[in-house]
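The structure appears below as structure tokens.
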Amino acid sequence: MAGAGTAAGCAPQVTTQQELAMGADYSRQINQQLPLVNDAATNQFVNQLGRQIAAGADQRGIRYNFYVVNSDVVNAFAIPGGHIYINRGLIERTDNLAELAGVLAHEIGHVAERHGIEQMQKAQNANTALSVVYGVLLGRNPSGVEQAVVQVGGGAVFASYGRQAEREADAVAVGYLVRSGINPAGLPSFFQKLLAMQERNPSRVEQWFSTHPTTQERVAATQAMIQQTPGAQGSNLSTDTRAYQSFKARVAALQPVPQDRRGR
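Take this note's numbering: the final residue in the sequence shown is number 417, and no numbers are missing along the way.
Take a look at the structure:
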């Protein structure tokens, strides 16, 4: 595909149309291999919430798509073109709507700020990209069949960003949440929760920390952003809803991923 080939080397600016075409291609490949949750109500909820946030975030007006991965690994991931994956393990560890919305807003920030495209243009070997995706989301290496998909697909989908990109995604996420009527305090609240989990049971969250550098300093920085953002502490902002608690209970009741898809 022309867009992927040009961007992988040190190349000209990738247009939004090229980004959308690449993202659709990568998403098709990923969706064939990841154990996605196939439950209409679950997918409807996460897409409605995600699109509510994205509507006031990405001025390009692209359509965002959100997928729930049936994995208990705590992580989330975005690829160019507005495709965002969130593991059920992360959803199950949130306490309220604001915490999940904070993670979604952060991932939307990576897409809107085009961090994935920047990573792609810096890549030395884009064919490793999908291997990284499987490792990050599922906590395992790809199988032989999945590796073949990686080699065929090539391209560049990246699982981690630099610290500056993470800070940028946090900063824009706060504004996105306020504009969508959601309490941005859920973002540092969830970061704090993950730090506590890392102390108690580091293996449960190691994938998150390998791709989303999270420190007490980052929590404090996000809290400071909230203090400085007009309207970010308004009483009209939503922290939780009954619909969210019903959604979370539904996710918890889903069948776990089959054993043969967890790792080989």
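Quick reminder that beta carbons are idealized off the backbone N, C-alpha and C, glycines included.
Compare the C-alpha of residue 396 against each of 266, 349, 253 and 323 and name the closest.
-> For the purposes of this step, residue 396 is taken as the residue at position 243 of the sequence shown. Relative to the Cα of residue 396, the nearest Cα in the group 266, 349, 253 and 323 belongs to 253.
Taking residue 271 as the reference, which of 315, 246 and 215 has the closest Cα?
-> Within the sequence shown, residue 271 is the residue found at index 118, counting from 1. When the alpha-carbon of residue 271 is set against those of 315, 246 and 215, the nearest one is in 315.
Under a Cβ-count criterion, where at least 16 other Cβ atoms within 10 Å of its own Cβ denotes burial, should residue 298 be classed as buried or exposed?
-> Position 145 of the sequence shown holds residue 298. Only weak support exists for where residue 298 lies, its pLDDT of 39 falling under 50; the value from the coordinates is given anyway. The residue is exposed, with fewer than 16 neighbouring Cβ atoms inside 10 Å.
Got a sec, what are the start and stop residues for the beta strand (DSSP E) residue 231 sits in?
-> To locate residue 231, count along the sequence shown from 1; it is residue 78. That run of the beta strand (DSSP E) goes 229-232.
Three-pair Cβ contact test at 8 Å for the segment 334-353 versus the segment 401-410 = Because the criterion of three Cβ pairs below 8 Å is not met, the segment 334-353 and the segment 401-410 do not touch.
Excluding the five sequence neighbours on either side, which residues of its own chain have a C-beta within less than 6 Å of the C-beta of residue 318, listed in chain order?
-> The residue labelled residue 318 in the question sits at position 165 within the sequence shown. 268.
Going by the CB atoms, is the gap between residue 223 and residue 246 shorter than 8 Å?
-> Looking up residue 246 in the sequence shown gives position 93. Looking up residue 223 in the sequence shown gives position 70. Here residue 246 is not near residue 223, since their CB atoms are 8 Å or more apart.
Nearest candidate by alpha-carbon position, reference residue 208, set 324, 344, 332 and 360 | Translated into positions along the sequence shown, residue 208 becomes position 55. Closest option to residue 208, judged by alpha-carbon separation, among 324, 344, 332 and 360: 332.
Mapping DSSP to helix, strand and coil, what is residue 240?
-> Locating residue 240 in the sequence shown gives position 87, where the first residue counts as 1. Of the three classes helix, strand and coil, the one that applies to residue 240 here is strand, per DSSP.
State the Cα-Cα distance for the pair residue 338 and residue 255, rounded to the nearest angstrom.
-> As a working note, residue 338 is residue 185 in the sequence shown. As a working note, residue 255 is residue 102 in the sequence shown. Cα to Cα, residue 338 sits roughly 8 Å from residue 255.
Nearest to residue 212 by alpha carbon, out of 178, 329 and 355?
-> On the sequence shown, position 59 is the one that residue 212 refers to. Nearest C-alpha to residue 212: 329.
Nearest chain C C-beta to residue 260 closer than 8 Å, yes or no?
-> The chain inventory of the structure shown lacks chain C, comprising one protein chain alone.
With distances taken Cα to Cα, identify the nearest neighbour of residue 408 among 191, 178 and 379.
-> Here residue 408 refers to the residue found at position 255 of the sequence shown. For residue 408, the nearest C-alpha among the options comes from 191.
Name the one or two DSSP bridge partners that residue 226 has.
-> Working through the sequence shown from its first residue, we reach residue 226 at position 73. DSSP lists no partner for residue 226.
From 392, 237, 334 and 378, pick the residue whose C-alpha is nearest to that of residue 205; which is it?
-> The residue labelled residue 205 in the question sits at position 52 within the sequence shown. Sorting 392, 237, 334 and 378 by C-alpha distance to the C-alpha of residue 205 places 334 at the top.
Report the option in 384, 250 and 372 whose CA atom is closest to the CA atom of residue 201.
-> Looking up residue 201 in the sequence shown gives position 48. Nearest in C-alpha terms to residue 201, of all of 384, 250 and 372, is 250.
Buried or exposed by the 16-neighbour rule on C-beta atoms within 10 Å, applied to residue 180 = Numbered from 1 along the sequence shown, position 27 holds the residue referred to as residue 180. Residue 180 comes out buried.
Residue 166 - containing alpha helix (DSSP H), residue span | For this step, residue 166 is matched to residue 13 along the sequence shown. Bounds of any alpha helix (DSSP H) do not take in residue 166, whose DSSP letter is neither H nor E.
If we ignore side chains and look at the alpha-carbon of each, how far apart do residue 418 and residue 248 end up?
-> Residue 418 lies beyond the stretch modelled for the chain, which goes from 154 to 417, so this question has no answer here.
Residue 370 lies in the alpha helix (DSSP H); which residues open and close that run?
-> For this step, residue 370 is matched to residue 217 along the sequence shown. Unbroken alpha helix (DSSP H) run through residue 370: 369-381.
Kindly list the residues whose CB is nearer than 6 Å to the CB of residue 325, restricted to its own chain and excluding five residues on each side of it in sequence; keep chain order.
-> As a position in the sequence shown, residue 325 is number 172, starting the count at 1. Hits under 6 Å: 262.
How many whole angstroms separate the CB atoms of residue 360 and residue 264, which I take to be in contact at a CB cut-off of 8 Å?
-> Locating residue 360 in the sequence shown gives position 207, counting from the first residue. Locating residue 264 in the sequence shown gives position 111, counting from the first residue. The C-beta distance from residue 360 to residue 264 rounds to 20 Å, too long to fall under 8 Å, and the pair is not in contact.
Report all residues from its chain with a CB closer than 6 Å to the CB of residue 358; omit the five preceding and five following residues, and keep chain order.
-> Numbered from 1 along the sequence shown, position 205 holds the residue referred to as residue 358. A distance below 6 Å between beta-carbons, with the five flanking residues on each side excluded, links residue 358 to the following residues of its chain, in chain order: 227, 347, 350 and 351.
Nearest to residue 193 by CA position, among 173, 219 and 183, is which residue?
-> As a first step, residue 193 is located in the sequence shown; it is residue number 40 there, counting from the start. Looking at 173, 219 and 183, the one whose alpha-carbon comes closest to that of residue 193 is 219.
Report the rounded CA-to-CA distance for residue 378 versus residue 168, giving the unit in angstroms.
-> Indexing the sequence shown from 1 puts residue 378 at position 225. Indexing the sequence shown from 1 puts residue 168 at position 15. For residue 378 and residue 168, the distance between alpha carbons rounds to 31 Å.
Please state if the CB of residue 187 and the CB of residue 234 are separated by a distance shorter than 8 Å.
-> As a first step, residue 234 must be located in the sequence shown, where it is residue number 81. As a first step, residue 187 must be located in the sequence shown, where it is residue number 34. No, the pair does not count as a contact, with Cβ atoms beyond the cut-off.
Could you round the C-beta distance between residue 221 and residue 244 to whole angstroms and report it? I think they count as a contact, below 8 Å.
-> In the sequence shown, counting from the first residue as 1, residue 221 sits at position 68. In the sequence shown, counting from the first residue as 1, residue 244 sits at position 91. Contact between residue 221 and residue 244 holds: CB atoms are separated by about 7 Å, below the 8 Å threshold.
If we count the other Cβ atoms within 10 Å of its Cβ and call it buried at 16 or more, is residue 368 buried or exposed?
-> Residue mapping note: residue 368 aligns to position 215 of the sequence shown, counting from 1. With a threshold of 16 other beta carbon atoms within 10 Å, residue 368 falls short and is exposed.
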